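Colleague:
Residue numbers (our numbering), protein chains in the order written: chain U, 1 to 369; chain E, 1 to 369.
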């Protein structure tokens, strides 16, 4: 076994999920994430945690959904057995690793949305655990990234095996700026957007539940915006639900999307916006700060953390960003889209520039051309 | 996809597990059982059942157990999240399909037994569902059977895709004989064993929960014997816990094993007998009646159902064989071993020969040499 697989497992179990003896752990294993799952099982045995492995396969989901749909049946309620499992679960570790990243591409959007809606209680129960999503570098992910397999492994482990404590210290600066601010303005080519963030708490997403952070890799600071006004262009291409989207443009008024457009894949965006009311509002504003990620790989888990990018998500907000007891934007969807801020761009908080052409204020003058 | 995979899924879901709309189903998927899992998911979607897939991998279990053991930690209690899941589960479908049938071969017997003991409530909860164990014909199983892959697929589907209703009718005759009988005597080379069966109910194991039968393939009639006396030789070689055992001989007095021996693998038998008190008593007497199974393949799921064989299990008895409310022999283990009865053998119930040299009474005179 590649030593990096064992290191990945150790970071996941100890730094990210803070697993302790007696914890009830669910390990969701993608079909090609087997090796990472074995390494994680080893760590869990060492820590004295209880392990149940589930199987996360897009092909199984697709077969189930197509057949279910063909019977013209509604998804009436969430499965109580899965909910009972999650209600007794302390730690949920998702090891992504499908053999085909487009495995569910031909499932109609309305079927997908109906299934997600029916599973909202399941999702809430999972969010109530110390959950962490990571990905095992697979050949399918390498292909999606347009990279050779060994090249992709190097890329992925550079992003995952970082000095997380040191990155957390740097990100704390951005969190402080956002926590103290009232309004954010993002200006770039095709983008001039303002969002209110007063009363919201930013998450220093340092790849650990101890930081309210649930992705490995992470390396972003995010908050839950409100009252969005203006327009934004997402110039980083990506695959959403099996389809490529390019240059998605959204226009907002009083928090809601009032118009949308894209050079490619506009219908996917339309499907997402139609999922429910919350899908037309932003749930997240995130600032990518993981400079171990140096290229787009068409995988949101990595792309949104990349330095010199900002991303926004339609749909669900994370409770961690809201005052205690309050919930933010609610939706069955959470769809991130990314804009490159390395050139001709600036991010302002209450009128002060905090990032220009990718460089943060504390890094000194920007090297604007 | 091979049509037979879809047929296998249909038999499993409809004939074996009697899945209905709204059922909470757990689908345990072996690493190489993916294709069968996809076919089963399709059926479950059609039926409107709720699906949660778990991952059944010997390598994960091995990694967990070795690491757990290295910490010198006791398995103190069963994981409450897995128990909660099973308590809300209607149907548990296990699709065996590991990539290496010896994946857990180097886990010490005491670690294995400790783990099984700690999971007794989990096991009980699973037995309270409409559970069915089947196997996807894999390359690992072909190798274990000493067969080519395509040859093994033909073998497996011959055993699985049978006319189960017609076999159930034939097996009903044997069930009646056992239900009405008080004592069974098995005589063969190296075997002269008597068991009491009065008050016990035989199971017509026709591969369906509707018959209290939980294996696919099945094709055996079994009951729970008591007060075993005499000696038995299991002349069908098999792999137990990763080791080959040959010609295991057990000597019984008043129901308990008082001596044991084997041409090969005696220490494995010793480990099993030491698991707990119940492991020294028989939990099952079974008569193989599936003539679609025409050779040994070193896989108990198939071997014990083969025509012209009788098998006995050390350990746990099935409640279905006991009067309502009573439990039979209790143990954390259930280990089947098989004896060939095609030659020089007879099975008597209350002194009457019901099977001689493999032929049942209702099949006319035996062709004894």
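Backbone N, C-alpha and C fix where the C-beta goes; we use that ideal spot for every residue, glycine too.
Here the structure is a predicted model, which is why all the values come from computation and not from measurement.
For residue 133(U) and chain E, any beta-carbon pair shorter than 9 Å?
Modeller: On the first chain, residue 133(U) is found 133 positions in, with the first residue counted as 1. No, residue 133(U) does not count as interfacial toward chain E.
Colleague: At least one CB of chain U closer than 9 Å to the CB of residue 12(E): is that the case?
Modeller: Residue 12(E) sits at position 12 when you count from the first residue of the second chain. No, because no Cβ of chain U sits closer than 9 Å to the Cβ of residue 12(E).
Colleague: Under 8 Å Cβ-Cβ, which residues of chain E neighbour residue 89(U)?
Modeller: The count along the first chain starts at 1 and reaches residue 89(U) at position 89. Neighbours of residue 89(U) on chain E, chain order: 81.
Colleague: I want to see whether chain E comes within less than 9 Å of residue 168(U), judged by CB atoms only; does it?
Modeller: In the first chain, counting from the first residue as 1, residue 168(U) sits at position 168. Chain E, which has no Cβ nearer than 9 Å to the Cβ of residue 168(U), makes this no.
Colleague: Chain U partners of residue 31(E), CB-CB under 7 Å?
Modeller: The count along the second chain starts at 1 and reaches residue 31(E) at position 31. Within chain U, the residues near residue 31(E) are 34.
Colleague: Does the ligand SAM have even one heavy atom less than 8 Å from the beta-carbon of residue 362(U)?
Modeller: Among the components of this structure there are no ligands whatsoever, and the ligand SAM is therefore not found.
Colleague: Inspect the beta-carbon positions of residue 339(U) and residue 234(U) and report whether they are closer than 9 Å.
Modeller: Working through the first chain from its first residue, we reach residue 339(U) at position 339. Working through the first chain from its first residue, we reach residue 234(U) at position 234. Yes, these two residues count as a Cβ contact at 9 Å.
Colleague: Can you tell which of 346(U), 331(U), 321(U), 299(U) has the C-alpha that lies nearest to the C-alpha of residue 308(U)?
Modeller: Here residue 308(U) corresponds to residue number 308 of the first chain, with the count starting at 1. If we check each option's Cα against that of residue 308(U), 346(U) comes out closest.
Colleague: Hey, does residue 136(U) have any beta-carbon neighbour from chain E nearer than 9 Å?
Modeller: As a first step, residue 136(U) is located in the first chain; it is residue number 136 there, counting from the start. With 9 Å as the cut-off, residue 136(U) does not count as an interface residue toward chain E.
Colleague: Say whether chain B places a C-beta atom closer than 9 Å to the C-beta of residue 285(E).
Modeller: Among the protein chains in the structure shown, which are U and E, there is no chain B.
Colleague: What residues in the stretch 54-81 of chain U bring their beta carbon closer than 9 Å to a beta carbon of chain E?
Modeller: Flagged, chain order: 54, 55, 56, 57, 59, 60, 61, 62, 63, 64, 65, 66, 67, 68, 69, 70, 71, 73, 76, 77, 78, 79, 80, 81.
Colleague: Who does residue 261(E) pair with in a DSSP beta bridge?
Modeller: Stepping through the second chain from its first residue, residue 261(E) is reached at position 261. DSSP lists 249(E) as partners of residue 261(E).
Colleague: Please classify residue 303(U): does DSSP put it in a helix, a strand, or coil?
Modeller: Residue mapping note: residue 303(U) aligns to position 303 of the first chain, counting from 1. Three-state result, residue 303(U): helix.
Colleague: Excluding the 5 residues preceding and the 5 following residue 61(E) in the sequence, name in chain order all residues of the same chain whose CB lies nearer than 7 Å to its CB.
Modeller: Residue mapping note: residue 61(E) aligns to position 61 of the second chain, counting from 1. Within the same chain, residue 61(E) has close Cβ partners 104.
Colleague: Would residue 178(U) count as contacting chain E if we go by Cβ distances under 9 Å?
Modeller: Sequence index remark: in the first chain, residue 178(U) carries index 178 (1-based). Chain E contact via Cβ: absent.
Colleague: For my contact list, residue 38(U) and residue 63(E) are in at a C-beta cut-off of 8 Å; report their separation, rounded to the angstrom.
Modeller: By 1-based counting over the first chain, the position of residue 38(U) is 38. By 1-based counting over the second chain, the position of residue 63(E) is 63. At roughly 5 Å, the Cβ-Cβ gap stays under 8 Å, so residue 38(U) and residue 63(E) are in contact.
Colleague: Can you round the beta-carbon distance between residue 317(U) and residue 284(U) to whole angstroms, since I take them to be within the 8 Å contact cut?
Modeller: Translated into the one-based positions of the first chain, residue 317(U) becomes position 317. Translated into the one-based positions of the first chain, residue 284(U) becomes position 284. 6 Å between Cβ atoms; contact.
Colleague: Express the C-alpha separation of residue 74(U) and residue 290(U) in angstroms, rounding to a whole number.
Modeller: Counted from its first residue, the first chain places residue 290(U) at position 290. Counted from its first residue, the first chain places residue 74(U) at position 74. Those two C-alpha atoms are separated by around 42 Å.
Colleague: Give me the chain U residues within the contact set of residue 100(E), using Cβ-Cβ distance strictly less than 7 Å, ordered along the chain.
Modeller: The residue given as residue 100(E) occupies position 100 in the second chain. Within chain U, no residue comes near residue 100(E); the closest Cβ sits about 12 Å away, beyond 7 Å.
Colleague: Between residue 369(U) and the rest of its own chain, which residues show a CB-CB distance below 6 Å, the 5 nearest in sequence each way excluded?
Modeller: Here residue 369(U) refers to the residue found at position 369 when the first chain is read from its first residue. Because the pLDDT at residue 369(U) is just 38, under 50, the model does not fix this residue reliably, and the point stays unresolved.
Colleague: Assuming the contact rule is C-beta atoms closer than 8 Å, residue 90(U) and residue 24(U) should be a hit. Round their C-beta distance to whole Å, please.
Modeller: Locating residue 90(U) in the first chain gives position 90, counting from the first residue. Locating residue 24(U) in the first chain gives position 24, counting from the first residue. Contact holds; Cβ gap of about 5 Å.
Colleague: Cutting at 7 Å between CB atoms, please list the residues of its own chain near residue 192(U), excluding the five before and the five after it.
Modeller: Here residue 192(U) is taken as the residue at index 192 of the first chain, counted from 1. Counting only Cβ-Cβ distances below 7 Å, and skipping sequence neighbours, we find 230, 231.
Colleague: Does residue 130(U) have its Cβ less than 9 Å from a Cβ in chain E?
Modeller: The residue you call residue 130(U) lines up with position 130 of the first chain. So, not an interface residue.
Colleague: Cα-Cα, which of 257(U), 198(U), 358(U), 179(U) is closest to residue 188(U)?
Modeller: The residue given as residue 188(U) occupies position 188 in the first chain. Per the Cα distances, 358(U).
Colleague: So residue 155(E) and residue 297(E) are in contact, right, with Cβ under 8 Å, and what is the actual spacing, rounded?
Modeller: As a first step, residue 155(E) must be located in the second chain, where it is residue number 155. As a first step, residue 297(E) must be located in the second chain, where it is residue number 297. Right, the Cβ-Cβ distance comes to about 7 Å (below 8 Å), so this counts as a contact.
Colleague: Alpha helix (DSSP H) containing residue 4(U): first to last residue?
Modeller: What you label residue 4(U) is simply residue 4 of the first chain in a count that begins at 1. Note, residue 4(U): alpha helix (DSSP H), 3-10.
Colleague: Anything in chain E within Cβ reach of residue 41(U), meaning under 7 Å, just list it in chain order.
Modeller: The residue given as residue 41(U) occupies position 41 in the first chain. Per Cβ cutoff of 7 Å: 60, 63, 64.
Colleague: Compute the distance between the beta-carbons of residue 52(E) and residue 136(U), then report whether it is under 9 Å.
Modeller: What you label residue 52(E) is simply residue 52 of the second chain in a count that begins at 1. What you label residue 136(U) is simply residue 136 of the first chain in a count that begins at 1. Going by C-beta atoms, residue 52(E) is not nearer than 9 Å to residue 136(U).
Colleague: Closer than 9 Å by beta-carbon distance: list the chain E residues that pair up with residue 310(U), in chain order.
Modeller: The sequence position of residue 310(U) within the first chain is 310, counting from 1. Simply none; closest approach about 36 Å.
Colleague: On the DSSP letters alone, give me the boundaries of the beta strand (DSSP E) that residue 355(U) sits inside.
Modeller: As a working note, residue 355(U) is residue 355 in the first chain. Here the beta strand (DSSP E) through residue 355(U) covers 352-356.
Colleague: Nearest chain E C-beta to residue 46(U) closer than 9 Å, yes or no?
Modeller: Mapped onto the first chain, residue 46(U) falls at position 46. Chain E, which has a Cβ nearer than 9 Å to the Cβ of residue 46(U), makes this yes.
Colleague: What does DSSP give as the partner residue(s) for residue 347(E) in the beta ladder?
Modeller: Stepping through the second chain from its first residue, residue 347(E) is reached at position 347. Answer is 186(E), 355(E), bridged to residue 347(E).
Colleague: From residue 13(E) to residue 26(E), what does the alpha carbon distance come to, in whole angstroms?
Modeller: Taking the second chain and counting its residues from 1, one reaches residue 13(E) at position 13. Taking the second chain and counting its residues from 1, one reaches residue 26(E) at position 26. So the two alpha carbons sit approximately 12 Å from each other.
Colleague: Below 8 Å on C-beta distance, what does residue 84(E) contact in chain U?
Modeller: On the second chain, residue 84(E) is found 84 positions in, with the first residue counted as 1. Within chain U, the residues near residue 84(E) are 84, 85, 87, 88.
Colleague: How would you write the range of the alpha helix (DSSP H) that residue 112(E) sits in, first residue to last?
Modeller: Walking along the second chain from the start, residue 112(E) turns up at place 112. Note, residue 112(E): alpha helix (DSSP H), 109-118.
Colleague: Assign residue 31(U) to one of two classes, buried (16 or more other C-beta atoms within 10 Å of its C-beta) or exposed (fewer than that).
Modeller: As a first step, residue 31(U) is located in the first chain; it is residue number 31 there, counting from the start. Result: buried.
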